[in-house]
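A.B. asks:
In the numbering used here, the protein residues as written are 43 to 170.
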């Protein structure tokens with residue numbers, strides 16, 4: 043788990059750093075920064091169940107917001123192909139930016155969910 047968390051810590055720090063030229067950089071720097079911090083704590087052996095649950099709830103809230111209120115992610119899912127997201131780094135259509143953001147949130151949720159699962163098992167005394 044240490045390697046898992048170090049890898050995600052590095053990925054989330056890089057992701058946060060790349061947000062400086064985003065439309066709303068502070069929001070995404072904080073979101074990725076929180077994920078990086080949670081992974082760093084886990085890499086150091088400090089599994090913080092409350093931090094994982096809080097992060098997952100916030101990230102899921104953003105995912106629901108994008109799916110229910112923005113609709114551009116659903117537009118991509120229904121009318122475009124996956125290659126349209128990555129063929130250019132420039133997000134010239136709103137669904138490109140928002141879909142990439144939701145995918146980032148899902149990666150954050152996955153990393154925190156894995157750490158939450160490990161933390162709960164450790165708390166219950168289950169090593170494997």
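Just so it is clear, CB atoms sit at the ideal spot from N, CA and C, and this is done for glycine as well.
This one's a predicted model, so the numbers in the text were calculated from it and none came from an experiment.
Can you tell me which of the three DSSP states residue 65 falls into?
C.D. replies: Looking at residue 65 - three-state DSSP - the assignment turns out to be coil, as it is neither helix nor strand.
A.B. asks: Under 8 Å between the Cβ atoms of residue 80 and residue 154?
C.D. replies: Yes, the Cβ-Cβ distance between residue 80 and residue 154 is below 8 Å.
A.B. asks: Across the region 51-65 and the region 87-100, are there enough close Cβ pairs to call them in contact, namely three or more that are closer than 8 Å?
C.D. replies: Touching, no.
A.B. asks: Check this for me: beta carbons of residue 148 and residue 73, under 8 Å apart or not?
C.D. replies: Result no, Cβ atoms of residue 148 and residue 73 do not sit closer than 8 Å.
A.B. asks: Is the Cβ-Cβ distance between residue 112 and residue 140 less than 8 Å?
C.D. replies: Yes, the Cβ-Cβ distance between residue 112 and residue 140 is below 8 Å.
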